[in-house]
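Taking full-length UniProt numbering, the leading residue of the sequence shown gets 1, the next gets one more, and so forth. Just so you know, even glycine gets a beta-carbon here, dropped at the ideal spot from N, CA and C.
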Amino acid sequence: MASTNDPFQFQEFEEAGNLLEANRDATTISIEDDDMPERQRNAAGFTPDVDDEDPHASDDKTELLSGQKKNAPFWTFEYYQRFFDIETHHVKERIIGSMLPWPGKNFIHVHLRRNPDLYGPFWICTTLVFALAISGNFSNFLLNLGKPDHKYSPQFGKVTIAATAIFSYAWFVPLALWGCLLWRNNKIMNLVSYSFMEIVCVYGYSLAIYIPAVVLWIIPFEWLRWCSIVVALCLSGSVLVMTFWPAVREDHPKVIAAIMSAIVLLNILLAVGCKAYFFSKPEAALSPAPSAALELTKAPSAT
Numbered sequence: 001m002a003s004t005n006d007p008f009q010f011q012e013f014e015e016a017g018n019l020l021e022a023n024r025d026a027t028t029i030s031i032e033d034d035d036m037p038e039r040q041r042n043a044a045g046f047t048p049d050v051d052d053e054d055p056h057a058s059d060d061k062t063e064l065l066s067g068q069k070k071n072a073p074f075w076t077f078e079y080y081q082r083f084f085d086i087e088t089h090h091v092k093e094r095i096i097g098s099m100l101p102w103p104g105k106n107f108i109h110v111h112l113r114r115n116p117d118l119y120g121p122f123w124i125c126t127t128l129v130f131a132l133a134i135s136g137n138f139s140n141f142l143l144n145l146g147k148p149d150h151k152y153s154p155q156f157g158k159v160t161i162a163a164t165a166i167f168s169y170a171w172f173v174p175l176a177l178w179g180c181l182l183w184r185n186n187k188i189m190n191l192v193s194y195s196f197m198e199i200v201c202v203y204g205y206s207l208a209i210y211i212p213a214v215v216l217w218i219i220p221f222e223w224l225r226w227c228s229i230v231v232a233l234c235l236s237g238s239v240l241v242m243t244f245w246p247a248v249r250e251d252h253p254k255v256i257a258a259i260m261s262a263i264v265l266l267n268i269l270l271a272v273g274c275k276a277y278f279f280s281k282p283e284a285a286l287s288p289a290p291s292a293a294l295e296l297t298k299a300p301s302a303t
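Below, the structure is given as structure tokens:
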């Protein structure tokens, strides 16, 4: 026969019962009561101040709960603020992915994941601008080092020219490409579409490989410069071709050839143009030719 004293049976503590008997007017609180904080505040005489509530905070809570967020207009700073909200390791992964493209890997699908940024492209373009200007001046200094008739003067105008070339390539070429893809997407509905910021992001990160190449151009060996240009062109061009090929492969063959050729040719034009302008040999025609100087010395004097 089971014992009547069940150890698992709820029993009221004697101490609590004694306290209640001693003070009949004491207030007891139940743990199961969910409105305990509000009742305590009401008993103490505190009433919530409705005027102190922030209406903007309630609006944000409503937007978050409903899953909708107001989009700021594109001419405001709030619109571009989200493109600079990115972690450092994500920028590092995208730079490495642009320098080491893998066959069959789409840069937008693998690295951007519908989250483009402008932080990485901006600093890559800015670094490339100063690398071009500084490396070009330093290369000119090394080339004329030891010449007594040469007076070195830094050419600060190269910074402006480099900035115009790099940022024009990083913004206007993606704008033209985005407009072309948008036009073709309206005609052929099954094409892959990219946003303008995604295209700008791809072009910005594709220029990262040119930074170490430009630093190598300081060494006054033409074969080394051209080898670095070819390597940079292959890596940068591979990122662009593998990224935009899915967006045009279902189009007309002539349109495919035109778009892909324009992407590759503009990339080549930028690299070769920067090398030819910033690292060209100084013209030897600034001083008189040796034959002309010899004729002047041998010319008979008039008597």
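Query, Result
"Per-residue burial, W123 [other beta carbons within 10 Å of its own, 16 or more giving buried]", "exposed"
"Cβ-based burial, K275 [other Cβ within 10 Å; buried from 16]", "buried"
"Integer-rounded CB distance, given that L270 should sit under 8 Å from A165", "7 Å"
"Chain-order list of residues whose beta-carbon lies under 7 Å from that of L112 (same chain, five-residue window excluded)", "E198 and C201"
"Buried or exposed by the 16-neighbour rule on C-beta atoms within 10 Å, applied to F279", "buried"
"Same chain only: Cβ atoms within 6 Å of F196, ignoring 5 sequence neighbours per side", "W178"
"Three-state class that DSSP yields for H252 in the structure shown", "coil"
"Spatial neighbours of T62 in its chain, beta-carbon cut-off 8 Å, leaving aside the 5 residues before and after", "With a pLDDT of 48 at T62, under the threshold of 50, the predicted position of this residue should be treated as unreliable, though the coordinate-derived value follows. If we look at T62 and ignore the five residues flanking it on each side, it has no Cβ neighbours."
"Spatially closest choice to I96 from K254, A247 and A208, by CA coordinates", "A208"
"Given 8 Å, three or more beta-carbon pairs between the region 99-118 and the region 147-160", "no"
"Straight-line Cα distance separating Y203 from E87", "20 Å"
"Touching by the beta-carbon criterion (3+ pairs, under 8 Å), the region 154-163 and the region 127-140", "yes"
"Residue range of the alpha helix (DSSP H) that includes A133", "Y119 to L143"
"The region 208-217 / the region 228-236 touching (three or more Cβ pairs under 8 Å)", "yes"
"Separation of I263 from M99, as counted between CA atoms", "17 Å"
"N144 burial status per 10 Å Cβ neighbour count (16 or more: buried)", "exposed"
"Through-space distance from Y205 to G120, alpha-carbon basis", "7 Å"
"Where E87 falls: helix, strand or coil (DSSP)", "coil"
"Residue of R249, E93 and W217 minimising C-alpha distance to N140", "W217"
"Contact set for W171: own chain, Cβ-Cβ below 8 Å, skip 5 residues either direction", "V200"
"Outcome for G157 when other beta-carbon atoms lying within 10 angstroms are tallied against a minimum of 16", "exposed"
"Where N185 sits in the DSSP three-state scheme", "helix"
"Alpha carbon of Q81 to alpha carbon of R114, nearest angstrom", "16 Å"
"P116 beta carbon less than 8 Å from that of N137", "no"
"Nearest candidate by alpha-carbon position, reference Y194, set W223, F221, D85 and L240", "L240"
"Rounded C-alpha distance that separates L265 from N186", "26 Å"
"Span separating the alpha-carbon of K254 from that of R184", "13 Å"
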